[in-house]
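Those protein sequence lines, which keep their order, are chains A and B. Taken in order, the first sequence gives residues 488 to 769; the numbers are from the working numbering. Taken in order, the second sequence gives residues 164 to 896; the numbers are from the working numbering. Each residue gets a CB set at the ideal place from its N, CA and C atoms; glycine is no exception. The structure presented is a predicted model; accordingly, all values stated were derived computationally and were not measured.
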Amino acid sequence: MPIKPFKSIGIGVAYSPNLKANLFEAARLSVFFEAKLVLIHVGEASEEKSKLLSTILKSFEKDQLKYEVVFKPGNPVDVILSISEEKKIDLLILGAVKREKIVKYYVGSIARKITRQANCSVLLLIKPSVERIPCQHIVVNGLKDPKTEQTITAAFYVANQLNAEKITIVEEIGQDEIAVKVDDDKSLRRATIAKERIKLRENSRVKEIISHIPKEYTQNKIIKLQPIFGKRGYSIGHYAQISRADLLVMNAPSKMTFWDRLFPHDIEHILTELPTDVLILQ
Amino acid sequence: MSPKKNNIKAFFKALPKNIFSGFVVSLIALPLGLGLAMASDAPPIAGIIAAVVGGIVVSILGGSHVTIVGPGNGLVGVLLVAITTLGLETAYVAIMCSGILLLLLGFFRMGALADFFPSSAIQGMLAAIGLIILGKQFHIMLAHKISRADTVDYLLEIPFTLNDAIHYDNKGLIFAAFAGIISLTIMLFYSKIRNKYLQLIPAPMWIVILSIGFSYYFEYGLHEANPIAPEYMVSGIPSIQKIIADIPTPNFGSIWSFMFWGNVLALTLIASIESLLSIKAVDKLDPEKRRSNVNRDLKALGLATVGSGLLGGLNVVTVIARSSVNVNQGGSNRSSNFFHALFLVLFIAFFSTQLTRIPLPALMAILVYTGYKLASPKVVTQMFSIGKEQLIIFFVTLIVTLKIGLITGIIAGVITTFIIHIFINRHLGAGLFIRNLLKPNVLMYKEHGEKDNYYVSVKHFCSFLNYYKLKKHLDAIPENKDVILDFSLCDFVDDTVLENIHGYQELFAKRDGHFDVIGLDMHDTETKHPFASRRLLPVPNIIKNSLTRRQSTMETLAKNYNLKYSPKKKKEVSFLNSFSFFNTKHINHIYNKLIQKDLTISLFDIEFSEGEFIAKEVVRSTMLHIELDFKIPKFTLDKEGFLEKVSALAGFKDIPIENHDDFSNRFYLLGENETRIAQFFNDDVTHFFESNPYYHVESNGNALLIFEKERLASIKEIKALYDFGKRLKQVIS
Numbered sequence: 488m489p490i491k492p493f494k495s496i497g498i499g500v501a502y503s504p505n506l507k508a509n510l511f512e513a514a515r516l517s518v519f520f521e522a523k524l525v526l527i528h529v530g531e532a533s534e535e536k537s538k539l540l541s542t543i544l545k546s547f548e549k550d551q552l553k554y555e556v557v558f559k560p561g562n563p564v565d566v567i568l569s570i571s572e573e574k575k576i577d578l579l580i581l582g583a584v585k586r587e588k589i590v591k592y593y594v595g596s597i598a599r600k601i602t603r604q605a606n607c608s609v610l611l612l613i614k615p616s617v618e619r620i621p622c623q624h625i626v627v628n629g630l631k632d633p634k635t636e637q638t639i640t641a642a643f644y645v646a647n648q649l650n651a652e653k654i655t656i657v658e659e660i661g662q663d664e665i666a667v668k669v670d671d672d673k674s675l676r677r678a679t680i681a682k683e684r685i686k687l688r689e690n691s692r693v694k695e696i697i698s699h700i701p702k703e704y705t706q707n708k709i710i711k712l713q714p715i716f717g718k719r720g721y722s723i724g725h726y727a728q729i730s731r732a733d734l735l736v737m738n739a740p741s742k743m744t745f746w747d748r749l750f751p752h753d754i755e756h757i758l759t760e761l762p763t764d765v766l767i768l769q
Numbered sequence: 164m165s166p167k168k169n170n171i172k173a174f175f176k177a178l179p180k181n182i183f184s185g186f187v188v189s190l191i192a193l194p195l196g197l198g199l200a201m202a203s204d205a206p207p208i209a210g211i212i213a214a215v216v217g218g219i220v221v222s223i224l225g226g227s228h229v230t231i232v233g234p235g236n237g238l239v240g241v242l243l244v245a246i247t248t249l250g251l252e253t254a255y256v257a258i259m260c261s262g263i264l265l266l267l268l269g270f271f272r273m274g275a276l277a278d279f280f281p282s283s284a285i286q287g288m289l290a291a292i293g294l295i296i297l298g299k300q301f302h303i304m305l306a307h308k309i310s311r312a313d314t315v316d317y318l319l320e321i322p323f324t325l326n327d328a329i330h331y332d333n334k335g336l337i338f339a340a341f342a343g344i345i346s347l348t349i350m351l352f353y354s355k356i357r358n359k360y361l362q363l364i365p366a367p368m369w370i371v372i373l374s375i376g377f378s379y380y381f382e383y384g385l386h387e388a389n390p391i392a393p394e395y396m397v398s399g400i401p402s403i404q405k406i407i408a409d410i411p412t413p414n415f416g417s418i419w420s421f422m423f424w425g426n427v428l429a430l431t432l433i434a435s436i437e438s439l440l441s442i443k444a445v446d447k448l449d450p451e452k453r454r455s456n457v458n459r460d461l462k463a464l465g466l467a468t469v470g471s472g473l474l475g476g477l478n479v480v481t482v483i484a485r486s487s488v489n490v491n492q493g494g495s496n497r498s499s500n501f502f503h504a505l506f507l508v509l510f511i512a513f514f515s516t517q518l519t520r521i522p523l524p525a526l527m528a529i530l531v532y533t534g535y536k537l538a539s540p541k542v543v544t545q546m547f548s549i550g551k552e553q554l555i556i557f558f559v560t561l562i563v564t565l566k567i568g569l570i571t572g573i574i575a576g577v578i579t580t581f582i583i584h585i586f587i588n589r590h591l592g593a594g595l596f597i598r599n600l601l602k603p604n605v606l607m608y609k610e611h612g613e614k615d616n617y618y619v620s621v622k623h624f625c626s627f628l629n630y631y632k633l634k635k636h637l638d639a640i641p642e643n644k645d646v647i648l649d650f651s652l653c654d655f656v657d658d659t660v661l662e663n664i665h666g667y668q669e670l671f672a673k674r675d676g677h678f679d680v681i682g683l684d685m686h687d688t689e690t691k692h693p694f695a696s697r698r699l700l701p702v703p704n705i706i707k708n709s710l711t712r713r714q715s716t717m718e719t720l721a722k723n724y725n726l727k728y729s730p731k732k733k734k735e736v737s738f739l740n741s742f743s744f745f746n747t748k749h750i751n752h753i754y755n756k757l758i759q760k761d762l763t764i765s766l767f768d769i770e771f772s773e774g775e776f777i778a779k780e781v782v783r784s785t786m787l788h789i790e791l792d793f794k795i796p797k798f799t800l801d802k803e804g805f806l807e808k809v810s811a812l813a814g815f816k817d818i819p820i821e822n823h824d825d826f827s828n829r830f831y832l833l834g835e836n837e838t839r840i841a842q843f844f845n846d847d848v849t850h851f852f853e854s855n856p857y858y859h860v861e862s863n864g865n866a867l868l869i870f871e872k873e874r875l876a877s878i879k880e881i882k883a884l885y886d887f888g889k890r891l892k893q894v895i896s
């Protein structure tokens with residue numbers, strides 16, 4: 488599987504107290520990925536605004552940061568989506584509110600709407616900070632899905648660029664895959680054996696994927712495989728939270744309908760309860 | 164091929180023991196069955212029919228191992244309502260319908276149903292049932308039959324009945340009331356007397372035997388009529404032929420009424436809750452550490468209930484008291500349940516006329532005692548120690564159940580609990596519960612590493628509302644593994660969950676596993692996390708400041724013998740679980756611990772309990788524990804006595820030691836690996852036991868447990884015990 492590097496990174500800019508932190512995160516990432524940074528502001532252009540941005544980003548000059556500022560008034564969701572298309576942005580960074588209220592959940596916040604509709608990869612940041620918090624542990628999904636190979640490969644690429652040492656690949660296995668229901672000692676034994684078998688099968692599948700990734704990305708990394716029997720999409724978030732992962736890498740959702748939001752599954756679980764920074768790969 | 168054969172062989176090997184324990188259980192089941200049926204206003208034989216049909220069907224089709232089924236205490240209240248409102252014929256139809264519903268619950272794998280009720284609400288409901296039984300039967304026990312519309316009225320009239328009983332002038336009534344009072348006294352003091360021969364026959368059976376003997380004494384000894392008034396005698400025990408001829412014709416006339424289905428639902432609810440709670444409790448007592456197939460048991464119980472209703476019997480439920488007696492008597496598989504049914508059939512076939520010689524007040528005394536046990540003040544103090552709000556839930560459930568009905572009562576309990584949970588967590592908002600109710604909040608995975616332990620993390624909140632999710636995960640873990648349960652991401656954990664977790668901890672400890680709970684220390688126990696107070700706050704220790712005389716003597720003893728002494732209660736008793744003596748017992752705590760500086764020999768007082776509910780007895784004893792740094796065979800050494808002779812008949816085998824006839828005659832040696840045990844008991848060791856005072860000695864492979872009596876030892880006895888242990892250690896090493 489070829490690696491698709493992030494050549495241009497986009498970020499929505501709002502003049503909020505978080506502005507500096509968001510910009511610092513985005514700029515740092517652009518430097519790590521050697522990508523061009525596109526700052527998208529929904530609103531009219533003004534001297535003052537541009538000046539503020541350039542003063543903030545001044546400290547990145549020594550790192551040869553290339554950046555561009557785009558001003559466009561309109562509906563935030565549409566503006567950001569259209570400009571990402573236009574500028575061929577590979578990775579869109581969005582700041583997220585950690586826990587959203589129940590009302591917003593149905594309406595969908597701006598960030599979430601963009602996440603659902605974007606054609607590029609999206610990075611949701613929960614705690615942007617001015618100081619760099621090193622990214623050490625990346626958790627990536629190992630679902631049985633055609634997109635997974637691409638996702639795992641990309642996770643290794645990201646890990647390499649950010650100097651993360653540890654990657655855990657979580658294989659979520661639905662409870663319904665175990666044919667045996669636990670009732671007594673006998674069925675428990677059979678269920679345990681069935682689980683072990685599924686685990687071995689999943690592990691060998693993921694190992695196969697890893698073997699396809701170029702050696703320079705996988706060497707010197709601590710790679711851990713963690714099969715989890717639990718609800719898809721939810722368990723991995725929970726796992727990322729308790730294992731104190733710095734980044735969670737997920738497949739992009741296939742299709743999103745109204746029902747998917749009403750009865751959340753897969754990625755929607757993660758979006759309601761962001762456990763850490765989340766990278767959704769397209 | 165071979166394991167199957169071994170199973171059959173093992174089954175036949177255990178058969179004598181199971182027949183024996185089935186017999187002992189039938190001794191309790193007979194009077195209880197008669198009494199429970201009469202308390203429900205059904206003909207007395209209905210209780211026996213339920214036990215017989217249940218025993219046969221569930222022993223063949225059921226999924227549990229050492230449970231006993233029959234008519235249940237909890238159902239008395241509901242059956243009473245069903246029979247008085249619907250009439251007996253229609254009530255049998257209701258019983259059959261509830262059997263079908265139970266069957267469906269089993270098929271839809273709803274064995275988790277009982278987990279949806281907060282434990283305080285269930286306690287409140289059980290207490291209400293206890294009061295219903297007690298209130299109604301108390302009057303009959305004192306030969307003062309009354310009938311009132313409201314259950315509360317029965318309770319309020321107890322003082323009047325007492326007053327009337329003192330002023331009886333009818334001889335028949337006086338004798339009847341005496342029979343009741345003597346029976347109640349037997350029930351109350353039976354467990355206090357620990358005499359081997361007395362304990363061979365259970366208390367309810369003593370009442371039956373004594374009252375039948377009393378009646379024969381008057382008939383054949385004094386040639387007089389039985390002085391107890393005839394209306395206070397058990398009546399209408401039909402012979403087997405008559406039971407078969409008189410199978411009631413079910414009356415399907417009024418089954419489309421609202422009242423009918425209300426009764427069916429109540430019967431099903433209580434039958435399933437009582438059965439499920441009992442199965443859970445009995446599983447903890449099973450010495451072979453098996454797991455019951457709850458759903459299969461529900462199906463079998465449902466089928467048995469249908470059959471029982473058809474033959475004119477009551478609902479069949481799993482009953483805790485009889486089951487725990489079964490375990491204590493050595494019942495090891497379902498055949499004991501079958502034999503208990505068989506013995507009941509024999510009793511009815513051969514002794515049905517003798518049974519009519521039992522006075523009604525004597526039987527009702529058994530029920531009054533049962534009712535008192537369910538609603539004893541101890542339950543209330545225990546609730547209070549968990550938290551004040553538990554008392555609110557408890558009393559709301561209790562009062563609503565008494566005033567309106569069981570279903571309304573338990574619903575009121577659930578709602579009250581939920582409101583209290585929201586109130587306690589008001590700083591987090593009700594959203595915590597609503598938003599996260601349906602989320603799959605439990606994560607479980609096997610941690611990597613040598614130990615291979617299971618890690619379980621729970622998010623948001625964990626209460627009776629979503630406990631089933633956690634339970635589903637925990638049930639999928641083999642009990643001999645290590646589990647770490649992490650509540651650190653949980654904002655709120657309620658007492659129902661903690662109580663169940665405690666049950667898991669005991670279960671894992673007994674089956675060589677380990678169950679650790681972490682992440683609760685961060686929870687505020689007073690405001691944010693009041694339900695955890697039971698588990699997190701140390702038990703208020705009054706003893707610490709004022710040592711009793713025995714304790715201060717123990718302290719000086721410790722100084723003189725160069726030992727360490729600590730009077731504190733310790734709940735950490737896992738080192739005792741591997742001794743087979745504790746297989747069917749529950750250790751509450753150890754205290755007054757004396758320990759050698761090198762930690763090898765320790766001496767302590769211990770409190771443990773045998774059985775559950777009405778068969779529960781708390782025992783305190785002093786024991787000596789010797790830690791060995793080498794392996795020895797597992798064995799149990801006891802004095803040869805009458806009981807051992809009986810159990811020898813039932814399949815245990817004494818291991819003979821060659822050339823030591825005196826030892827073999829005086830002691831009773833048990834263990835699996837005979838050759839290694841015979842090697843271990845060489846001349847020196849055998850001589851030591853022959854020439855020293857008698858103690859019960861047990862080995863679990865790398866430690867010895869020594870004790871003498873099932874009571875606390877005096878200071879002198881402590882010294883002797885310590886000396887014995889020290890010398891024994893020298894002899895064997």
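- When the alpha-carbon of I700 (chain A) is set against those of A:Q662, A:N647, A:P714, A:S616, the nearest one is in A:N647.
- For E618 (chain A), the three-state secondary structure derived from DSSP is coil.
- Just measuring C-alpha positions, the residue of B:N326, B:Q517, B:T314 sitting nearest S378 (chain B) is B:Q517.
- Taking a contact as a CB-CB distance under 8 Å, the pair A209 (chain B) and G576 (chain B) does not count as one, their CB atoms being some 29 Å apart.
- In terms of Cβ geometry, F502 (chain B) and F744 (chain B) do not form a close pair [threshold 8 Å].
- S722 (chain A) reaches chain B at L606, counting residues in chain order whose Cβ is nearer than 7 Å.
- Shown here, C607 (chain A) sits in coil according to DSSP, grouped into three states, outside any helix or strand.
- Taking 8 Å as the cut-off, the Cβ atoms of V216 (chain B) and N414 (chain B) do not count as close.
- Residue range 495-500 is occupied by the beta strand (DSSP E) that includes I498 (chain A).
- Linking S616 (chain A) to I580 (chain A) through their CA atoms gives a straight-line distance of about 14 Å.
- When DSSP reads this structure, I764 (chain B) sits in a beta bridge with B:I789.
- In the same chain as K551 (chain B), and ignoring 5 residues on each side of it, no C-beta atom comes closer than 7 Å to its own.
- If you check each beta-carbon in the region 632-644 of chain B against every beta-carbon of chain A, the ones closer than 8 Å belong to D638, A639, P641.
- Here the alpha carbons of G225 (chain B) and R677 (chain A) stand approximately 20 Å from one another.
- Listed by position along chain A, the residues whose Cβ is nearer than 7 Å to that of P206 (chain B) form an empty set, because the closest Cβ is around 37 Å away.
- For V617 (chain A), not one C-beta of chain B is nearer than 8 Å to its own C-beta.
- Under the three-state reduction of DSSP output, V556 (chain A) falls in the strand class.
- Using a 10 angstroms sphere on the CB of E531 (chain A), the tally of other CB atoms stays under 16, which defines it as exposed.
- Identification of chain A residues near S438 (chain B) by a Cβ-Cβ cut-off of 8 Å yields none; the smallest Cβ-Cβ distance measures about 15 Å.
- In this structure, DSSP gives K566 (chain B) a helical state, which the three-state scheme calls helix.
- Q286 (chain B) is classed as buried because its beta carbon has at least 16 other beta carbons within 10 Å across all chains shown.
- In the three-state reduction of the DSSP assignment, I710 (chain A) falls in the strand class.
- C-alpha of A366 (chain B) to C-alpha of D846 (chain B): approximately 44 Å in a straight line.
- P603 (chain B) and S354 (chain B) have their C-alpha atoms spaced approximately 47 Å apart.
- Among the residues facing chain B, V736 (chain A) is not included, as its CB has no counterpart in that chain under 8 Å away.
- Interface criterion not met: the Cβ of I580 (chain A) is under 8 Å from no Cβ in chain B.
- For D663 (chain A), no CB of chain B lies under 8 Å from its own CB, so it is not counted at the interface with that chain.
- Between R459 (chain B) and G218 (chain B), the C-beta gap is not smaller than 8 Å, which leaves the two residues out of contact.
- Residue environment for R684 (chain A): exposed (fewer than 16 other C-beta atoms within 10 angstroms of its C-beta).
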